[in-house]
Structures are given as C-alpha cells and as structure tokens.
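Here is the structure we will look at, set down as structure tokens.
2 protein chains.
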Amino acid sequence: MDSEVTAGPARRVTIKDVAARAGVSKGAVSLAFNDRPGVSQATRARIFEAARELGWAPHLSARSLSNARVDAVGLAIARPARMLGLEPWFMEFVSGIESVLVERSCSLLLRLVRDVREEIEVQEAWWQGRQVGGSILVDLHDGDPRVPELQRLGVPAVAAGHPSLAGGFTCVWTDDGTAVTEAVRYLAALGHRRIARVSGPATLGHSVIRTAAFEAAVRELGLADGRTVATDFSGEEGARATRALLASADRPTAVIYDNDIMAVAGLSVTAEMGLSVPADVSLLAWDDSQLCQLTHPTLSAMSHDVFGFGAEVARRLFDVLGQAAPSAHQAPTPALTPRGSTAPPRRP
Amino acid sequence: MDSEVTAGPARRVTIKDVAARAGVSKGAVSLAFNDRPGVSQATRARIFEAARELGWAPHLSARSLSNARVDAVGLAIARPARMLGLEPWFMEFVSGIESVLVERSCSLLLRLVRDVREEIEVQEAWWQGRQVGGSILVDLHDGDPRVPELQRLGVPAVAAGHPSLAGGFTCVWTDDGTAVTEAVRYLAALGHRRIARVSGPATLGHSVIRTAAFEAAVRELGLADGRTVATDFSGEEGARATRALLASADRPTAVIYDNDIMAVAGLSVTAEMGLSVPADVSLLAWDDSQLCQLTHPTLSAMSHDVFGFGAEVARRLFDVLGQAAPSAHQAPTPALTPRGSTAPPRRP
DNA sequence: AAATCGACCTTGACCGGTTTACCGACGCGG
DNA sequence: CCGCGTCGGTAAACCGGTCAAGGTCGATTT
C-alpha cells in the first residue's frame, strides 16, 4: 500500500552533506566524529547539529576501508542446530561476549557450520573479506586444524579452551581437571564407590581433559567403577548412556554429566526405570544453567559463570586486537553446588 | 614465542595484485569475479588461477561501498541473556535463518539488547552505518514502536509475527489462534473442564492473540475455568504460576504453557506438590523442542517447525531486499503432538 | 617589523573494489 | 574496400569515509 512513502530514491546522506550544512570541509566532520583535536568546540557543535538534523551516521564500510579497522568479531559454531537450541551454555556464552562488544560498539558475526572444515572456510572468507577483525574459537579438540589454519591466515583469535589446545593463540580456560576431581571427591565423601561419567564427544579437548582427571581421581581414591561414556552432548544420547549405565551388572550409584541437558535426560531415565534420585542413584550436572533448578529433584551441579567466561573471552580478543602478546587466562574453576540430586548411596 | 612468524606487515593482497599476476586490468578481475560478460573464458581462468595462488578474496567493505549492496542482516533480541539460554526456540530460529543466509553467503549480525528502545538505537546504527541490508523483527508487541521507527528509517525488514502487528512490513506468522483452539478442544475432548493457561508477557503480540483465542474456545465449549497467568517466559515464573494455579481452590485439571521451558518447570512443580501427571493434572507444552522428550513423563506439545519458520523469515527478507511488495506469509499451524503428559482427568 | 608558533581548518591522495565510457580488433555484408 | 556491430578488454571516475600535508590567521617572540 503506502510502502511507497519511504521507497523514494532518497539518496543516502553522506559526510559531504553534513559538511556542506555545517559550512566546513568533510575532513573537519571526520575529525569531529572521531573526536580528535583540530576542530574548535563551536564548529564541533555545529557539525553535530548538522549531522543530527540530517540523521547522518558514518558509513562503516567506508570507514573500515580506509583505516583497516573492523567493527565485528566472528564466532562460528560447529554443532547441529537442534542440539544448540537445547544447550543453555551457548546463549549465555554469546550474551557474555555481547556484553563486552556492545561497549565498543562492535558486533558479533555468528555462523552455524556443519563441521570444522566448513568453519575454516567461513573464517577464511570472513578474514579475507575483512568482515571481522578477529575471531573466537570454541569446542577445540586435540590437534584442531583450525589453530594452524587461522594462524597461517594471521587471524587474531582467542580460543575458549585449555592452553594446550590453543596452540599459539591467546586463550581463556577453566580448570576442568580440578573441578572433576572435586566432583569425584564429593561423591566419594558421600560414600559412593561406583561413579560413572557421561561425557561429550571423546575428541573434544575438554572431554579429554575431564576424562583424564576423572580416571585419575577414581584411581587415587581407590574407587570401583570409573567408566566414561562419550556422547554428542544431546539429551537423547545422554538418556541412552544413562540407560546403559544403570542397566549394567554393577550399576553405578552416582553419575557425573558433562552438561545440564544430559543430566536432565538422565533424571528422566531414572524415573522411567523406576529408580529414585538421589536414593538409588545420585546425579551431578555440569554448567549449572537454570535448567538444574527446574527439575524435581533439583540437580546438583558443577557451577560455572558462563556469561562471565564469554565476557572474558571477548575482553581478551580486544587485547589481541591491540597487539598484545598471546597469553592464557584462567577463569574461576567450576564449583560444586549441591542440590537435591546427590546424597549418600542407599545401604546395600 | 613464534607468534611473530605471521605477525609481519604482510600487506593484504588486493585486486590489483591479482590483476597484475593475471596480466589484466583490475576491471577485468572484477568482471570475472562477479561473473558478468566482458572477459573470455581463457582470461577468466587465468584470473581465477591468479586469485587462487595469491589467496585473494574481494574486500567486502570495498565492494559494498561502491555497489551499496550489503551482505548481512540484523537480528536484535530483547530478552534477558539468562532466559535466552534456556529458550530452545531462539537457537532453532537462528539456525533456520542461517540455513538460508548461508546459501547467499550472507551473515547474521546478532545483538542482545535490554529493551525495545535500545533495539531501535541498534537498528538505526546498523542501518545508517550500512552494516545490514535489512533486519528481522521478533517479539512484536501491540503498537510496537519498532515498526514505525524502522519504517521511518526505510529499513527493509521482515517481522516474525501476525500481520496485525507487523504494520506495513512483510511478515511470517503461525496461526496461533487456531492452534490454541485445537489445544483446548483436545483437552476438552479428553474430558477436562477446568483448563488454565500460563502465557508469556501479556504485552507480547502473540500472547494477546493466544489469550483471546483461548478465552473464546473456553467460552464456546462452555468450560469452567479459562484463566491465563502471564509470565516472562522463564522457568521460574512458569513454576510460580503453576504453583499458584494448582494451589487454588478449584484447581485446573489441565494447563497449557506458552513455551517448553515453563512446561518443564510446571512438571517439576507437580512432583513437588505430590501430584501425578497426567492422572491429577495434564500439561501441554508449546513449541515442542526436544526438551519435551527428555522429561518423565514426556510432554505433550503443540508442535512447530521453528527451524523452518526461521528459514521462511529469511527467505522473505530476501524478497523484500529484492524490492518485493510487503506481504504476509503463513507458516504451518502448530499441531498437537500427544505424549505422556495429557490424559483424561481422574474421576472426581 | 619580521619571524615563529599554535590552533583551526582545507585539500587531495588514498583505501579496494565496481562501473561506465571508450577503444582496438575482428568478422561480415554490401 | 568501407562501414558497422560485437567481443574482449582498459582507463578513470566513483563509492564515502580517513589522514597526512599544507594553508590562514591572529598572537607571541625576537
């Protein structure tokens, strides 16, 4: 209908228009808008006034064309869409990143990719096309090809993960090893001797680290079980893994999960199998999103400020963009938050 | 350490380098890369070869500077981060959008904002700064200021929501009214006469529509209850609302939720109150993310292809960018998927 | 009085592409 | 042999900013 109203040619207003209106050169406008010395307070005010009247804002492509600075950072995520939707971790992580980007009026370029290969293509295209000034890497795995590739391209990046995985990149990490140990010690202290674990993909860097720590702790405490079942992080596989564990001959009396979703799925499996939590089996989640408080019983979890973690990653990326040397930053270690899903095992 | 290796000045390779290497002018390279007529197959091949060797890709800022075309679309979301993480809807929606953007090598610019006012600022900055070629609007509410504002700015946009909310914008919507009616009819057919509903924020456009349809259906069928409790979509408020409903004098025998998270929270409340689902109370979720299958009992839900919805929105945005006239597109109506949380009410 | 200086502002070259106007060569009908 | 259209390509203007170099001008120094 009246969509024509705004559809006119309406040449976009440029710096030249503003300059003309303020009676100065476009150089002056540029100076004013990047608040650099060289224009008096009076003219500065006139320029801003003119810009306001015309509704002008600098064309960011034009700006980044000449000064090479880019106003966006990239984040590619290689997990299936269906799974991501259920993974509270990501949105919280993204929110944390945003919270830092926003104050530098920088944007997040997000892309969901199928696999690491595709991510490399995307990152390369972003970098070559100067769409991003740098990138954030998540879900590092052992010998991740993204590390050498991005290094070859010279992409400034920050990795969310252990220094041993990040190659030469600056990274931010949590001490999952210590956290796993704490989890196991806690369950052992409650009296559990058969503890199992449901992890994410075995190739994922932090899975490897947690598994190693888990097995070490089990050994150290002289516990009986210590199995880890790897999954794809989805609720479905979490349920399957739980079923397998609880149906086994010497079923564990406690299960540690690598994320919240699988713990929730596991909880529903116990109900389905007629087991009671925590009397028959204790469950311990990881990440501690609010999901853990929505179940019945509520889920004990290794608690973790994912939002803050994302913010830290973003801050470090700005360091890197500012030519800082690569460095590793440790975020607070996930801490145990006991709730209703853990208790001493039933006496046999 | 050796981070210096790639840190050299390493002037970025430009179209000029490619042209030189292929022995042609940069105009020819441009023609070749946008596959337009004017270069022979032979030179075209030489040019691509040269570009490949040098690892060149066009600088997108430079490109969009001259042809005004922009390669990204904007999506600002005004919900608290903590809540978003738990809302599977969003990531699925975003994934659907991505699936379409990707094939046009277009990116998604994402921003989490505090409120509608801030979103308007962000949208204006994006548009003025030519960061985006268009935007996607979600969570429309009645008399949403974003509609007139973006129209004033001339931002091409697609709204995810009912035509009555979208003003002159192209929109994609699901017939929530019909879906609510189906939900109520189904529960009534099972024998329920006291049905309540836990909705999202009352000001949200689709809450209004669903509430109206809910009340109409309740009246039409001559049912007893028909209360709607508005929340902020969070699990916490969903739990609180459920508690209030189930503790009331004439407690409902069935509850319809406006998203999955609140239904999950509601389920845990029933357990906490010693009620059994579906014997004492039936629960019906909305959206049907995989979360519904992770609970015990599994949740009946109004099922909905959120991924496809996102994809449709993105496709329509490209129509709009191609100067198509505003139009409204109806996505498939959410359909009932009965599972374990709904059954005839216990005989009094 | 001439030279120096700093504050303020203008000019014009660039950033890396796209696009338009133009040009040479070649094939072809008259 | 000439004029004409087409194909393949080039040169230069342009997109909208930034930035270094330079120009004015009144005030201060020598």
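For the protein sequence lines, the chains are U and V, in the order given. Using full-length UniProt numbering, read the first sequence as starting at 1 and increasing by one per residue. Using full-length UniProt numbering, read the second sequence as starting at 1 and increasing by one per residue. Just so you know, even glycine gets a beta-carbon here, dropped at the ideal spot from N, CA and C. Just so you know, these numbers come straight off a predicted model, no measurement behind them.
P145 of chain U is outside the set of residues whose beta carbon lies under 7 angstroms from a beta carbon in chain V. For D176 of chain U, the CB contacts under 6 angstroms within the same chain, skipping 5 residues up- and downstream, are H206, I209 and R210 in chain order. In this structure, the beta-carbon distance from A72 of chain V to L109 of chain V falls below 7 angstroms. For H206 of chain V, DSSP assigns no beta-bridge partner whatsoever. According to the DSSP assignment, V116 of chain U belongs to no beta strand (DSSP E) but to the alpha helix (DSSP H) extending over V116 to Q128. Closest in alpha carbon position to H162 of chain V, among V:T170, V:V155 and V:P156, is V:T170. Taking 3 residues as the shortest admissible run, the stretch 80–113 of chain V contains the following complete beta strand (DSSP E) segments, listed from N- to C-terminal end: 107–112.
Residue pairing by DSSP places D287 of chain U opposite U:S303 in a beta bridge.
For V269 of chain V, the uninterrupted alpha helix (DSSP H) segment begins and ends at D260 to E272.
Below 8 angstroms, enough C-beta pairs join the stretch 261–270 of chain U and the stretch 285–303 of chain U to call them touching: three or more. Residue pairing by DSSP puts Y257 of chain V in a beta bridge opposite V:V198. At a beta-carbon threshold of 9 angstroms, none of the residues of chain V lie near H329 of chain U; the nearest stands roughly 16 angstroms away. Straight across, the Cα-Cα distance linking E98 of chain V with S135 of chain U is about 18 angstroms.
Within the stretch 90–116 of chain U, contact with chain V at the beta-carbon level (separation under 9 angstroms) is assigned to F90, M91, E92, F93, V94, S95, G96, E98, S99, L101, V102, S105, S107, L108, L109, L110, R111, L112 and V113. Using a C-beta cut-off of 8 angstroms, the stretch 145–165 of chain V makes no contact with the stretch 181–201 of chain V, since fewer than three inter-stretch Cβ pairs fall below that distance.
Counting C-beta atoms within 10 angstroms of its own C-beta, E237 of chain V has 16 or more neighbours from the protein chains shown and is therefore classed as buried. Listed along chain U is no residue with a C-beta nearer than 9 angstroms to that of S300 of chain V; the closest approach is about 15 angstroms. The alpha-carbon separation between Q131 of chain V and H141 of chain U amounts to approximately 33 angstroms. Proximity to A196 of chain V across V:S300, V:R251 and V:A166 peaks at V:R251, based on C-alpha coordinates. The stretch 77–85 of chain V and the stretch 83–92 of chain U touch, with three or more beta-carbon pairs separated by less than 8 angstroms. DSSP places Q330 of chain V in the strand class (E or B) of the three-state scheme.
Assigned with DSSP and collapsed to three states, A76 of chain U falls in strand. Under the criterion of beta carbons closer than 8 angstroms, I77 of chain U and V138 of chain U qualify as touching, at roughly 7 angstroms.
Judged by DSSP secondary structure, V172 of chain V falls within the beta strand (DSSP E) whose first and last residues are T170 to T174. Residues are counted here when their Cβ sits less than 7 angstroms from a Cβ of chain U; for the stretch 264–279 of chain V these are V264, A265, S268, A271 and E272, given in chain order.
For T242 of chain U, the uninterrupted alpha helix (DSSP H) run begins and ends at G235 to A247, by DSSP. Scanning its chain for C-beta atoms nearer than 6 angstroms, with the 5 sequence neighbours on each side dropped, one finds around I15 of chain V the residues K26 and V29, in chain order. Distance from the CA atom of V158 of chain U to the CA atom of L101 of chain V, rounded to whole angstroms, is 25 angstroms. Rounded to the nearest whole angstrom, the CA to CA distance from A125 of chain U to G133 of chain V is 19 angstroms. In the structure shown, A157 of chain U falls within a strand segment according to DSSP collapsed to helix, strand and coil. Within chain U, the residues G85 and L86 have their CB atoms less than 7 angstroms from the CB of P88 of chain V, given in chain order.
G200 of chain U and E215 of chain U do not touch by the CB rule: their CB atoms are close to 16 angstroms apart, not below 8 angstroms. Counting only Cβ-Cβ distances below 8 angstroms, A314 of chain U has no contacts in chain V at all, with the closest Cβ about 13 angstroms away. By the Cβ test, the stretch 313–324 of chain U is not in contact with the stretch 290–299 of chain V, since fewer than three Cβ pairs between them sit closer than 8 angstroms. Of the residues assessed, P156 of chain U falls on the buried side of the cut-off, its CB having 16 or more other CB atoms within 10 angstroms.
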